[in-house]
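Residues are numbered in our numbering as their position in the sequence shown, beginning at 1, plus a constant of 102.
Ideal Cβ placement from N, Cα and C applies to all residues, glycine included.
Remember, predicted model here, so these are calculated numbers, not experimental data.
Written below as structure tokens is the structure these notes are about.
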Amino acid sequence: MTHHEGPGFLVRSAPDGPWAGWCGSRFLEEGLASVNAAPGRALARLMHLAGLLPGGFGLVWDHPPAWMEALPPEARQGWWEAISAIPGLALHLGPEAALQLPGGAFRAWLHSSEPPSGPLGERWRQGTVGWVIRPSGPWRLPGLGPTASGEEVPPGWLWGEVVIPVGALGSLGSGEALIAAMAEAQGAAERGLAQRLSAGAWPDLPFARRAVGWRLALTGGAEFQRANGNWKAAFGQVRALAALLQERLRTSVHSGASGDFHAASLLGRQALREGLPWRASLPLPPAPGSFSPGLAADPRDPVPLEGRALQPAGWADTLDHPPVALLRVPAVPPEAGAHALLAGIQPVPALRWLPPDLAPTGPFDPDRPWALPAAFPFPADPGNGRQRGLFEGLD
């Protein structure tokens, strides 16, 4: 992965191809290999493809559930477990396919119009899968972008990702420095990809240049909120910047939120090191000079659940895919408590619970560690009116 750091932005891309991508499972039959006939071959090609994309790869399972019924139960379970072990690959499933997942923690997202309940709700609250609300239309993949419309999900790609603190949006000026950095990264990736394709070093998956775009990701939302920033104006600046980038780079731009801890830390240190105007929203030393990832409170801090899950109003009208809310809790939340939390959050971001038996997501920053699970607030259960006591669980 290559990155270019400019005043108020971080451009990340790959040197010889797309930075990230996604495709539907039906392309396994066409471009990769049949799971039924050669599951090992399909896994090997998926691993090869995921290894070429430093930003990750999303596999949207859009096959009907009956498609895998020809496989024995042991082979089906082994297939899902092998997919979950591929570095950089994330599964995106509907409710029918999610029921086939075995036990264990997966980098998978369940897409449904209603909050999961029953067996799926139990897996969601245990942290096995995350949940993304899916209205009628294309899939919206957290951390990647929206897919093209249609019954089958065609391959989609990203040339790279641009991470910008929300407080820096008004200081980017004409955006010429950002556009120049993105154009240089895109040109290098295109030239490298042309050599890779001519050498036959690209997986058997269709690549169409018109299906490639950029991801514009925001970070530092908690600091922007702390500085009494105007979210309506900020989202207007995001839309204007995305339109400008699309016009100048002649490619699509997907707006989202960045949950990357490392990128938020780099941009926070840059603001302090260079004395940039938006540094005023950062905490004073000796606190670590790092922005919080995404648009809400830092998931590593034991703040109330609403502070980590509630996103600023208007994000659904600006962002092309939902931001991710990681909810660390000291125990598996009850179903009534989880649904009560959702009732107070509209629109709902992509939610993933992190009970104490699941390890938090990395990378880990020694200057900004995760708080202990017992320090995080526990959601109340409105069914019995019970709430965790202040000193409950202490020896």
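Residue i, DSSP secondary structure in three states
i      : result
ILE235 : strand
PHE159 : strand
HIS105 : strand
ILE188 : coil
SER273 : helix
TRP182 : helix
SER367 : helix
GLU216 : coil
TRP304 : coil
GLU171 : coil
ARG225 : helix
HIS356 : strand
VAL434 : coil
PHE111 : strand
HIS194 : strand
ALA177 : helix
ARG311 : helix
LEU203 : coil
GLY119 : coil
LEU444 : helix
ALA329 : coil
GLY439 : helix
Run of the beta strand (DSSP E) containing residue i, from where it starts to where it stops
i      : result
ILE281 : Segment 278-300 is the alpha helix (DSSP H) holding ILE281; no beta strand (DSSP E) there.
GLU198 : Run containing GLU198: none in the beta strand (DSSP E); it sits in the alpha helix (DSSP H), 197-200.
GLU254 : Neither: GLU254 is in no beta strand (DSSP E) and is coded neither H nor E.
LEU453 : 452-456
TRP124 : 122-126
Given residue i as reference, the closest of the options once Cα atoms are compared
i      : options                        : result
GLY258 : PHE309, VAL268, ALA177, PRO109 : PHE309
ALA122 : SER392, PRO475, THR249         : THR249
PHE466 : PHE363, GLY377, LEU378         : PHE363
GLY446 : ALA477, LEU474, LEU307, GLY409 : GLY409
HIS441 : GLY377, PRO217, PRO395         : PRO217
ALA505 : ALA344, GLN327, LEU456, PRO458 : In the structure displayed, the chain extends from 103 to 497; residue 505 sits before or after that span and is not available.
ASP306 : PHE111, ALA152, ALA116         : ALA152
GLY289 : THR104, ALA335, LEU397, ASP422 : THR104
GLU286 : PRO475, LEU343, ARG114, GLY396 : ARG114
GLY522 : ALA418, ALA291, SER394         : The structure shown has nothing for residue 522, since the chain only spans 103 to 497.
GLU325 : THR353, ARG311, ALA366, ALA335 : ALA366
PRO109 : GLU292, ALA473, LEU378         : LEU378
GLY322 : PRO449, ASP403, VAL265, GLY190 : VAL265
PRO404 : ALA382, LEU384, PRO481         : PRO481
ALA452 : ARG312, ILE235, PHE111, ALA476 : ILE235
Range covered by the alpha helix (DSSP H) that runs through residue i
i      : result
TRP472 : Here TRP472 belongs to no alpha helix (DSSP H), and DSSP marks it neither H nor E.
VAL314 : Premise fails: VAL314 lies in the beta strand (DSSP E), 314-321, not in any alpha helix (DSSP H).
ARG147 : 141-154
TRP333 : 333-351
Closer than 7 Å: residue i CB and nearest the ligand FMN heavy atom
i      : result
GLY160 : Within the structure as shown, the ligand FMN is missing, as the structure has no ligands at all.
On the three-pair Cβ rule with 8 Å, is the stretch 285-305 touching the stretch 337-349? Fewer than three pairs of CB atoms, one per stretch, sit closer than 8 Å, so the stretch 285-305 makes no contact with the stretch 337-349.
Hey, is the stretch 462-472 in contact with the stretch 268-288, meaning 3+ C-beta pairs nearer than 8 Å? No, the stretch 462-472 is not in contact with the stretch 268-288.
Contact between the stretch 378-392 and the stretch 346-354 (3+ Cβ pairs under 8 Å): Inter-segment contact for the stretch 378-392 and the stretch 346-354 is absent: fewer than three beta-carbon pairs are separated by less than 8 Å.
Do three or more CB pairs link the stretch 121-131 to the stretch 240-255 at distances below 8 Å? Result yes; three or more Cβ-Cβ pairs closer than 8 Å.
Can you list the alpha helix (DSSP H) stretches of 4 or more residues lying completely in the stretch 375-420, in chain order? Taking only runs of at least 4 residues, the alpha helix (DSSP H) segments lying wholly in the stretch 375-420 are 407-411.
Counting pairs of Cβ atoms below 8 Å between the stretch 158-167 and the stretch 188-200, do you hit three or more? Between the stretch 158-167 and the stretch 188-200, the count of C-beta pairs closer than 8 Å reaches three or more; the two stretches touch.
Determine contact between the stretch 222-238 and the stretch 261-276, defined as no fewer than three beta-carbon pairs at a distance below 8 Å. No: fewer than three Cβ pairs fall under 8 Å.
Pairs of beta-carbons, one from the stretch 309-318 and one from the stretch 260-272, closer than 8 Å: are there three or more? Three or more Cβ pairs drawn from the stretch 309-318 and the stretch 260-272 lie within less than 8 Å of each other, which places the two stretches in contact.
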